[in-house]
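Participant: The structure is given below, and queries will be raised subsequently.
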């Protein structure tokens, strides 16, 4: 799954799922995952300034 890094959104998606599942065993919605992806991406921008 991660061999082809041309579409790096996979890493954001996977990180979002991991972050959300460590807090709950509930089913995740698409909106929750995409919100988490946006939050994670925003944090990268703030930390690196890029």
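In my numbering, the protein residues as written are -15 to 34.
We put the CB at the ideal spot given by N, CA and C, even for glycine.
Starting from residue -13 and walking both ways along the alpha helix (DSSP H), at which residues does that stretch end?
Facilitator: Per DSSP, residue -13 belongs to no alpha helix (DSSP H) and is neither H nor E.
Participant: When we look at the beta-carbon of residue 20 and count the other beta-carbons within 10 Å, is it buried (16 or more) or exposed?
Facilitator: Its Cβ being crowded by 16 or more others within 10 Å, residue 20 is buried.
Participant: Which class does residue 8 belong to by DSSP, given the choice of helix, strand or coil?
Facilitator: It is coil, neither helix nor strand.
Participant: Alpha carbon to alpha carbon, how far is residue 9 from residue 0? Give it in angstroms, no decimals.
Facilitator: When rounded, the distance between both Cα atoms is 14 Å.
Participant: With a CB to CB cut of under 8 Å and the five nearest residues on each side skipped, what residues in its chain are close to residue 16?
Facilitator: 4, listed in sequence order.
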